[in-house]
Amino acid sequence: DGTCLAFSGPDGHILTCDPRSGLWSHTDLRINGTTRALAFDQINPLQLYAAGSDAQVYSWDLRHTRRCLTKITDPGQSITSAIAVHNNILAVASESGIVNIFRDQIFLKAISSLTTPVDRLAFHPSEDLLAISSKWTKDALRVVNLRTPVPQVYAHWPTNKTPLHYVSATAFAPHADFL
C-alpha cells in the first residue's frame with residue numbers, strides 16, 4: 001500500500017523507511033547471514049518477509065511491534081534467490097532452481113521444474129496460480145496450480161513453441177486478465 005519501503009543492507013540488516021515522509025525507521029531488523037530477498041505480503045502489506053543465505057525465512061510485523069513473528073527453515077537448505085507472499089501462502093525460490101511452497105507456515109511441496117536460479121515469483125491475485133521464472137535460461141517460465149491440495153506445475157504450458165526467450169520479468173495484471 002506504499003506505507004513502507006524496505007532495503008537489504010549489509011550483514012543481514014534490513015532498512016525501512018516511510019516514503020511519504022522520507023524518514024528512516026530506527027528499529028533494527030536483522031537476519032542471520034546475508035539478506036537475499038525481501039517481500040511484503042500482498043494482503044497484509046505491513047508484514048515483511050526476508051530470506052537470505054542461511055536458508056531461513058523471517059517475517060516481521062511492521063505495524064506496531066516491529067518484532068520477528070516467525071522464522072521458517074527452508075527444507076532445501078539452499079541459498080534463497082527470491083520470495084513471494086500472498087495471504088497465507090509463501091513461495092521460497094533458491095539458486096538451485098527449486099521453489100518450496102508453504103501454506104500457513106507448513107511445507108507443502110518442492111517444485112523442481114527449473115534448473116537455474118529462480119529469480120522471479122508472482123502470485124495470481126486470486127491465489128490460484130504462481131508463476132516462477134529464471135532469466136538465466138531460455139523459455140524458463142512455469143505456472144503452478146495452487147488450487148489442488150498439493151501444488152502442481154502445468155505440464156502443457158508453456159510449450160517449446162511459446163516465444164518467451166529469456167524471461168526478465170514476471171507478473172500478473174491487477175485484474176488477473178494477463179500474465
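Residue 133 in the working numbering sits at position 133 of the sequence shown, and the numbers go up by one each step.
No residue lacks a Cβ here, since even glycine has one placed at the ideal position from N, Cα and C.
Since the structure is predicted, the reported quantities are computational estimates derived from the model, not experimental observations.
By the 16-neighbour rule on beta-carbons within 10 angstroms, tyrosine 49 is buried. Distance from the Cα of alanine 55 is smallest, within the candidate group Pro45, Ala140, Phe40, Gly33, for Gly33.
Taking 8 Å as the cut-off, the Cβ atoms of isoleucine 98 and alanine 82 do not count as close. Its Cα nearest to that of aspartate 74, the residue Ser96 stands out among Arg142, Ser96, Thr65, Trp136. Pairing phenylalanine 123 with glutamine 42 gives a Cβ-Cβ distance under 8 Å. For leucine 5 and threonine 159, the gap between their C-alpha atoms comes out near 37 Å. Each of Leu130, Asn87, Glu127, Asp139 was checked against the Cα of proline 163, and the nearest Cα belongs to Asp139. Between the C-alpha atoms of leucine 38 and aspartate 28 there is a straight-line separation of about 15 Å.
DSSP places glycine 12 in the helix class (H, G or I) of the three-state scheme. Distance from the CA atom of isoleucine 132 to the CA atom of phenylalanine 178, rounded to whole angstroms, is 15 Å. The C-beta distance from arginine 30 to leucine 46 rounds to 18 Å, too long to meet the 8 Å contact threshold.
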